[in-house]
Amino acid sequence: MKITITAALPYANGPLHLGHIRSTYLPADIYARYQKLAGNDAVYICASDEHGTPIVAAAEKEKKEPEEFVKYYHDRDKSEFEKLGFTMDIFHRTSSKENREMAQHF
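Positions 1462 to 1567 (the numbering used here) are the ones given, in order, by the sequence shown.
Structure representation (C-alpha coordinates):
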(Lines of atoms letter the chains of each structure in order from A and count residues from 1; the text may use other names and numbers.)
(Lines give C-alpha, C1' and ligand atoms only; values in the text may rest on other atoms or scores of the structure.)
Protein backbone atom coordinates (compact mmCIF):
# COMPACT_ATOMS: atom_id res chain seq x y z
CA MET A 1 0.00 0.00 0.00
CA LYS A 2 1.31 3.49 -0.86
CA ILE A 3 0.83 6.08 1.87
CA THR A 4 1.68 9.78 1.82
CA ILE A 5 2.12 11.39 5.22
CA THR A 6 2.48 15.09 5.89
CA ALA A 7 2.02 17.55 8.72
CA ALA A 8 1.14 21.22 9.00
CA LEU A 9 3.89 23.18 7.31
CA PRO A 10 6.12 25.11 9.72
CA TYR A 11 5.70 28.81 9.06
CA ALA A 12 9.13 30.33 8.37
CA ASN A 13 8.69 33.45 10.50
CA GLY A 14 10.26 32.29 13.75
CA PRO A 15 11.75 29.36 15.64
CA LEU A 16 9.98 26.09 16.33
CA HIS A 17 8.92 25.47 19.91
CA LEU A 18 8.05 22.37 21.92
CA GLY A 19 4.33 22.76 21.14
CA HIS A 20 5.05 22.48 17.40
CA ILE A 21 7.13 19.38 17.94
CA ARG A 22 4.75 17.62 20.34
CA SER A 23 1.47 18.35 18.60
CA THR A 24 2.40 18.25 14.93
CA TYR A 25 5.71 16.74 13.87
CA LEU A 26 6.20 13.98 16.45
CA PRO A 27 2.81 12.31 15.79
CA ALA A 28 3.40 12.40 12.02
CA ASP A 29 6.89 10.97 12.49
CA ILE A 30 5.60 8.15 14.70
CA TYR A 31 2.88 7.34 12.15
CA ALA A 32 5.41 7.33 9.28
CA ARG A 33 7.72 4.99 11.19
CA TYR A 34 4.81 2.68 12.01
CA GLN A 35 3.68 2.48 8.39
CA LYS A 36 7.20 1.71 7.18
CA LEU A 37 7.70 -0.96 9.86
CA ALA A 38 4.36 -2.48 8.82
CA GLY A 39 5.83 -2.91 5.33
CA ASN A 40 3.88 -0.15 3.63
CA ASP A 41 5.39 2.12 0.98
CA ALA A 42 5.09 5.29 3.08
CA VAL A 43 6.66 8.67 2.45
CA TYR A 44 6.71 11.52 4.99
CA ILE A 45 6.85 14.89 3.24
CA CYS A 46 6.80 18.43 4.55
CA ALA A 47 8.01 21.91 3.61
CA SER A 48 8.60 25.31 5.13
CA ASP A 49 5.66 27.64 4.44
CA GLU A 50 7.35 30.73 3.03
CA HIS A 51 4.41 32.91 2.06
CA GLY A 52 2.46 35.60 3.86
CA THR A 53 2.43 39.02 5.43
CA PRO A 54 3.75 37.83 8.84
CA ILE A 55 6.98 36.74 7.14
CA VAL A 56 7.42 40.10 5.43
CA ALA A 57 6.71 41.93 8.70
CA ALA A 58 9.13 39.75 10.69
CA ALA A 59 11.83 40.13 8.02
CA GLU A 60 11.43 43.92 8.05
CA LYS A 61 11.68 43.92 11.85
CA GLU A 62 14.99 42.02 11.56
CA LYS A 63 16.08 44.32 8.68
CA LYS A 64 16.42 41.39 6.29
CA GLU A 65 15.01 40.54 2.90
CA PRO A 66 12.14 38.02 3.10
CA GLU A 67 14.06 35.47 0.98
CA GLU A 68 17.07 35.59 3.33
CA PHE A 69 14.79 35.45 6.36
CA VAL A 70 12.86 32.35 5.24
CA LYS A 71 16.04 30.56 4.15
CA TYR A 72 17.45 31.04 7.66
CA TYR A 73 14.35 29.58 9.33
CA HIS A 74 14.02 26.74 6.80
CA ASP A 75 17.64 25.71 7.40
CA ARG A 76 17.19 26.05 11.17
CA ASP A 77 13.99 23.98 11.19
CA LYS A 78 15.56 21.29 9.00
CA SER A 79 18.57 21.09 11.33
CA GLU A 80 16.33 20.86 14.40
CA PHE A 81 14.22 18.10 12.84
CA GLU A 82 17.40 16.16 12.02
CA LYS A 83 18.78 16.61 15.56
CA LEU A 84 15.49 15.29 16.96
CA GLY A 85 15.83 12.23 14.73
CA PHE A 86 12.68 12.86 12.69
CA THR A 87 12.41 10.76 9.55
CA MET A 88 10.99 13.19 6.99
CA ASP A 89 11.80 11.75 3.59
CA ILE A 90 11.36 15.13 1.92
CA PHE A 91 11.56 18.59 3.50
CA HIS A 92 11.34 21.31 0.85
CA ARG A 93 10.44 24.98 0.82
CA THR A 94 7.08 26.10 -0.62
CA SER A 95 9.06 28.37 -2.94
CA SER A 96 11.12 25.49 -4.37
CA LYS A 97 10.72 23.96 -7.80
CA GLU A 98 10.54 20.50 -6.19
CA ASN A 99 7.65 21.51 -3.96
CA ARG A 100 5.72 23.02 -6.87
CA GLU A 101 6.20 19.83 -8.91
CA MET A 102 5.09 17.65 -6.00
CA ALA A 103 2.00 19.80 -5.40
CA GLN A 104 1.07 19.60 -9.07
CA HIS A 105 1.50 15.81 -8.97
CA PHE A 106 -1.21 15.58 -6.31
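For glycine and all other residues, C-beta sits at the position ideal for the given N, C-alpha and C.
Worksheet item: With a Cβ-Cβ cutoff of 8 angstroms, do Ile1464 and Ile1506 count as a contact?
Response: Going by C-beta atoms, Ile1464 is not nearer than 8 angstroms to Ile1506.
Worksheet entry | Residue burial classification, Leu1470 (beta-carbon count within 10 angstroms, cutoff 16) | By the neighbour-count rule (16 or more Cβ atoms within 10 Å), Leu1470 is buried.
Worksheet entry | Same chain only: Cβ atoms within 6 angstroms of Ala1519, ignoring 5 sequence neighbours per side | Take Ala1519, set aside five residues on each side of it, and the residues of its chain with a beta-carbon closer than 6 angstroms to its own are Asn1474, in chain order.
Discussion item. For Glu1562 and Lys1522, I'd like the C-alpha separation in whole angstroms.
Written reply: So the alpha carbons of these two residues sit roughly 32 angstroms apart.
Worksheet item: Taking the alpha-carbon positions, what's the Phe1567 to Glu1559 distance?
Response: Their Cα atoms are separated by approximately 13 angstroms.
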